[in-house]
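Report on the structure given below.
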Amino acid sequence: MTSAPDMTGRTLLQVIPKLKGGGAERTTLEVGAAFVRAGGTSLVVSSGGGMVEELEQGGSEHIAMPVESKNPLLLAQNARDLADLVKERGVNIIHARSRAPAWSAFFAARRTGTPFVTTYHGTYGAKTAIKRRYNSVMVRGDAVIANSAFTAQHVRKQYEGLPYFDGSRMVTIPRGADLERFDPASVGEERIRPFSLRFGEGFKVVMPGRFTGWKGQGVLIEAARLFREERPDVPLRVLMAGRMDEKPDYVDGLRRRIAEAGLQGVVELMPATDDVPALLAASDVVVSASTDPEAFGRVAIEASAMGKPVIATAHGGSLETVLDGETGYLVPPGDAEALAKALGKLHALGAEGRRAMGERGTQHAGQKFTIEAMTTSTLLVYERLLGQKG
């Protein structure tokens, strides 16, 4: 693998709305830490959150600013404050990871003549011309990073032919998984045991992810009902883990669906855990049932890294992260019957068959989706822009 370029004497400024968990936030921490290891100084501007301490442990400096606001007056003030920060700290690269802060960062970059990078961590809906214009800041970078081939294709479809879009500035850099954190050998039995006890005996299925409609928890509940109808002899246990405070009405609705389906004691909702590797290790199968396309979908790669077969929906980034029939199964989005059948196939494989599929997934993740590959590719983008400026 190509080594990371030397960033000695360089200063990177990443701008993101908040640091409260999520793929974009995790990537911010990882790129910041890699930039520091390469000899540079890493600054991150956000409104704060629970990941600030971890960010700082990786060597980055956090600067609090209300950059998650969409208020036009505050956007303008943030642009002035960011421009001042760029001058004061000698920032060489500005990297924006979300639309509202990207507008402030864009104007700060233009005022100071600083190379500007954006990353598409998701696909943004643009049903109106106004919304497309708002989203367009993400294609105005001197380099535009897409976190999957699916995302890159989506961006081109949205903006091809528009005067502010230059497709030659786009680069695809897949999201990476932390293969040291998601390594079965590093997860001891004492960490796995609490989740094993929560699962109990039987065929153990886990679905990590935010509790929100498009993540497909309702589809998995229906699939569990169908699976139980087909195989009443199989003790099925399903854990869905995620933050339960963001959409409490949705969570209550899921509990009602579980009760109506007669799945109490079969399907359980649980709060998000900091020890996702141990949760995955305790399972037999990991499910990602998103009904809207995942821009990347790191759950599939983290599960593969842990040696677990994955069932994912056949659209978006999952088409790149899951090899159908080899590392798991792909099913049509929203199709509970297909999901139930995939669960049946994985149960029929037995422990050894699932282990072999998981091992193929681990190999796939290690070849294509590592943090090192992602951060090195990102730093190479920075190096190219700094070279052009120089």
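No gaps in the numbering here: position 286 of the sequence shown is 271 in the working numbering, and each next residue is one more. Ideal placement from N, C-alpha and C gives every residue a C-beta, glycine not left out. Note that the coordinates shown come from a computational prediction; the quantities given were computed from them, not determined experimentally.
Taking every protein chain shown into account, the CB of G310 has fewer than 16 other CB atoms within 10 angstroms, so this residue is exposed.
Considered as a whole, the stretch 219 to 266 harbours 221 to 227 and 252 to 256 as its complete beta strand (DSSP E) runs of no fewer than 3 residues, in chain order. The alpha-carbon of H47 is positioned some 7 Å away from that of V37.
Under the three-state reduction of DSSP output, S153 falls in the helix class. For secondary structure counted as the alpha helix (DSSP H) over 4 or more consecutive residues, the stretch 9 to 61 holds these complete runs in sequence order: 37 to 42.
In the three-state scheme derived from DSSP, where H, G and I count as helix and E and B as strand, T355 is classed as strand. For I296, the enclosing beta strand (DSSP E) covers residues V295 to T298. Nearest to F150 by alpha-carbon distance, out of T136, R166, V122 and T157, is V122.
As computed with DSSP, G313 is found in a beta bridge with V295 and D309. Contact between the stretch 115 to 133 and the stretch 342 to 355 is absent: fewer than 3 CB-CB pairs across the two stretches fall below 8 Å.
When beta bridges are read from the DSSP output, Y105 appears opposite A131. Scanning P(-10), G17 and L331 for the CA closest to the CA of L(-2) turns up G17. For F180, the enclosing alpha helix (DSSP H) covers residues E174 to F184. Taking a C-beta distance under 7 Å as the contact criterion, S275 and T258 do not qualify as a contact pair. Nearest in C-alpha terms to S89, of all of R(-5), S83 and A64, is A64.
Look at P169 here: in three-state DSSP terms it is helix.
Taking 7 Å as the cut-off, the Cβ atoms of S45 and S31 do not count as close. According to DSSP, residue pairing for S273 in a beta bridge involves A297.
Straight through space, the alpha carbons of I78 and Y367 are spaced by roughly 7 Å.
Following the DSSP letters along the chain, one finds L(-3) inside the beta strand (DSSP E) bounded by residues T(-4) to V0.
Cβ neighbours of G227 within its own chain (closer than 6 Å, five residues either side excluded): G194, R195, F196 and A257.
DSSP places A162 in no beta strand (DSSP E); its state is neither H nor E. With the rule of 3 Cβ pairs closer than 8 Å, the stretch 331 to 340 does not count as touching the stretch 223 to 238. For P100, the secondary structure class from DSSP, reduced to helix, strand or coil, is coil. When rounded, the separation of the alpha-carbon atoms in E215 and P317 is 20 Å.
Taking the CA atoms as reference points, S171 sits about 21 Å from A358. The beta carbons of A9 and T360 sit no closer together than 7 Å.
Separation of A333 and E231 (C-alpha to C-alpha, rounded to the nearest whole angstrom) is 37 Å. DSSP places A64 in the helix class (H, G or I) of the three-state scheme. Scanning R(-5), R166, R242 and R117 for the CA closest to the CA of K142 turns up R117.
Judged by their CB atoms, A81 and Y105 are not nearer to each other than the 7 Å cut-off. When only Cα atoms are considered, G343 and G201 end up about 23 Å apart.
The C-beta of L331 has 16 or more other C-beta atoms within 10 Å across all chains shown, which makes the residue buried. E279 is positioned such that its CB atom lies no closer than 7 Å to that of F167. As computed with DSSP, K3 is found in no beta bridge at all.
By the C-beta criterion, the stretch 91 to 102 is judged to be in contact with the stretch 68 to 76, since at least 3 inter-stretch pairs fall below 8 Å.
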